[in-house]
Amino acid sequence: IKGWGEPYFSVNEVGHVMVAPQGDRGGSLDLYDLVEALQERDIALPLLIRFSDILKDRIERLNASFAKAIARYNYAGTYRGVFPIKCNQQRHLVEDLVRFGAPYQFGLEAGSKPELLIAIATLEPKDSLLICNGYKDHAYIETAILAQRLGHNTIIVLEQVDEVDRVIEVSRRLGLEPRVGIRAKLNAKGIGRWGTSAGDRAKFGLTISEILEAVEKLTAAHLLESLKLLHFHIGSQISSISVIKDALREAGQIYVSLARLGAPMGYLDVGGGLGVDYDGSKSTFHASKNYNMQNYANDVVAAVKDACDEADIAVPTLVSESGRAIASHQSVLIFDILGSSDVTVAPPSPPSPDEPLVIRNLYETFQNIQANHLQEVYNDAIQFKDESLILFSFGKLSLTERAKAERLFWACCHKILTLLETEADIPDELAALEDHLASIYYANLSVFQSAPDTWAIKQLFPIMPIHRLQEQPKQKVTLADLTCDSDGKIDQFINAKNVKRVLELHQLQPNCPYYLGMFLNGAYQEIMGNLHNLFGDTNTVHIRLMPNGYQIEQVVRGDTMQEVLGYVQYDADDLLENLRRQSEQALRHQRITLEESKRLLKNYEQSLRSYTYLAP
Ligand code: PLP
């Protein structure tokens, strides 16, 4: 928790997770107590808690890092960050972000037409930048140019070759000069999952010859004066600082070349990519990064200054589009565990001499397990288990005998695993035993709705209990979600610089809730989440730290069943009417009593108004 959680998350002396939403500059609150208090207010789990102060702190840190770097390198320009709305478009979050960012003229980046609509209406038309990325048709371009009339500092970034002609045509028609940027396809390669965001085959951006073509077209249209910005984005979650440095060197040269070609320029937008240390290892592993925010800001400032100084060109205003680094930490998903399924391993009793040979062999294998030949006995156990399955298929083993063979096999595995704990060198095959014997904990959530990247791209998020942390967790566990989909599980967990397949959790206690938190998941997950099996949006609360505790600023109720059914075009009244008709018919044929039918209709009606997740 120190690695990924500092300065926001820690553990207190009673074993609860503590949240310090203002980092090391403010007070903290007990996350377990908060979850209990929210449930007392009928705000059910799963629950997304957004700590608005963390969002504020992230914006302040990013701006402070650039301010420090600018001072350190005597950089003659400024920094104007923008938040890429795609990272989390939720209204309350974007409004908070604009409010907290106002002192730093922190702007917004839109990547589509609907995001442009959010940005224009939410941002104060002042100095903050409004960067217009993504595919653009005439309506997009026209809206962006007209928004300049309101005082918005819009910059239309040309990402495709044909957008150049479109921008020229719209600006001619409106008689207004646009502010334009160009996104370069850098040769510098990205790294990791989003590495293909850069390079010749990247989806967005102009190659060097396309950039020159665009400059020629703008010049011919007397619009070169409107070219103000160079943008690049080499992918999200860049884990290695050297990759960022390479990109900056290349982009710096393109920037000075454009200035030399006569474009006024003024802005260099380094895109997103500033990573988040999900596993706390501070390494180049994909769930981590080997640099901090200050290193990043220093490198951006130093590289751009070097390129401009060498070319004797005025330094630009620096822009970054950091999404993940701003939005990840502020939200924590809390969910409860509904039950478990364990591989039960009772000590086996000796078989009688007339039991099938395969059972007697398995028992003998069990007895022979010793530390110095674990792989060998494991191979034997597997062979006898396979044999028992074949015998069963040919009718040579009864159901009871097959069950006995199964239990003996698991008893062998369990004994091997216990002895393995003292071994220094564990063969791969045996290492997998731990996964086979892990319990499954059933989690009250849908990974497709709340953490889609864990499924789609095997993204790792820190997951841990938020209480009982003074007890050693001894149960090795994987998590299964509520969906009827075998992909609906989490079986990859952070483990300094690599991945582990099981998570150590506490044994469940009867009638005691067990709460887990998934941390750092405030970026991309909410909007990428889908309605698989019709599990809807979770409840969300916004919490602000107060001098004497906290304040619940917003409660955004999760979807009801009626709402998710509406998304797939079912009308609640029609459904109810169908059910009423069915129960009238059943009443006529005396298949149901009036009492039962009333009760069924009442349940149905109540369900329509209820949360899609399970009640404890
Ligand atoms: N800018 C652009 C153009 C992007 O495509 C993205 C996301 O990949 C971002 C900014 C945000 O990146 P990140 O969340 O890594 O900061």
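Offset between the sequence shown (1-based) and the numbering used here: plus 2. Yeah, the Cβ is synthetic: ideal placement off N, Cα and C, and Gly gets one too.
- For Q472, same chain residues with a beta-carbon under 7 Å away, outside a window of 5 residues either side, are V16, G17 in chain order.
- At the C-beta level, G237 and G268 stay beyond 8 Å of one another.
- R503 carries a coil assignment under DSSP once its states are collapsed to helix, strand and coil.
- Of the residues L399, Q332, S351, the one whose Cα lies closest to the Cα of V360 is L399.
- Rounded to the nearest angstrom, the Cβ distance from L447 to V479 is 15 Å, too far for a contact under 8 Å.
- In the DSSP annotation of this structure, the continuous segment of the alpha helix (DSSP H) that includes N300 starts and ends at 295 to 313.
- Contact check for P180 and S228: beta-carbon distance about 5 Å, within the 8 Å limit, so the pair qualifies.
- If you draw a straight line from the Cα of E597 to the Cα of M563, it is about 24 Å long.
- In this structure M548 is exposed. Its beta-carbon is surrounded by fewer than 16 other beta-carbon atoms within 10 angstroms.
- Among the bridge pairs identified by DSSP, H544 is matched with R52, Q556.
- Inter-segment contact for the region 94 to 105 and the region 70 to 77 is absent: fewer than three beta-carbon pairs are separated by less than 8 Å.
- For the ligand PLP, no non-hydrogen atom lies closer than 7 Å to the CB of C310.
- For N65, the CB contacts under 6 Å within the same chain, skipping 5 residues up- and downstream, are Y106 in chain order.
- For P358, no beta strand (DSSP E) encloses it, and the DSSP letter there is neither H nor E.
- A distance criterion of 7 Å places the beta-carbon of E323 in contact range of the ligand PLP, judged by its closest non-hydrogen atom.
- In the displayed model, Q511 falls within coil according to three-state DSSP, outside both helix and strand.
- Here the distance from the Cβ of A525 to the nearest heavy atom of the ligand PLP is below 7 Å.
- Membership of S452 in the alpha helix (DSSP H) is indicated by the continuous run 449 to 452.
- With respect to the C-alpha of I442, the residue from E423, D493, T420 having the closest C-alpha is D493.
- Leaving aside the five residues that flank Q527 on each side, the residues in its chain whose CB is nearer than 7 Å to its CB run, in chain order, S452, A453, P454, D455.
- By the beta-carbon neighbour count (other beta carbons within 10 angstroms, threshold 16), K387 is buried.
- Boundaries of the alpha helix (DSSP H) around L419: 401 to 422.
- For P512, the closest C-alpha among the options P618, E408, R601, I529 is that of P618.
- It is roughly 44 Å from the alpha-carbon of P464 to the alpha-carbon of E144.
- With a cut-off of 7 Å, the C-beta of R326 is classified as near the ligand PLP, since at least one heavy atom of the ligand falls inside that distance.
- A straight-line Cα-Cα distance of about 53 Å links V19 and E212.
- In the three-state DSSP reduction, N550 falls in the coil class, being neither helix nor strand.
- Taking C-alpha positions only, R195 is separated from L160 by approximately 24 Å.
- Non-local C-beta neighbours of D248 in its own chain, meaning closer than 6 Å and more than five positions away in sequence, comprise A190, ordered along the chain.
- When DSSP states are grouped into helix, strand and coil, R181 belongs to the coil group.
- In this structure, L214 is the residue among Y298, L214, V306 with its C-alpha nearest to the C-alpha of G264.
- Rounded to the nearest angstrom, the Cβ distance from F337 to P350 is 37 Å, too far for a contact under 8 Å.
- When C-beta atoms of the region 112 to 122 are compared with those of the region 130 to 139, three or more pairs fall below 8 Å, so the two segments count as touching.
- Using a Cβ distance threshold of 8 Å, D279 and L232 do not count as a contacting pair.
- Counted as a single uninterrupted DSSP element, the beta strand (DSSP E) harbouring S342 occupies residues 333 to 343.
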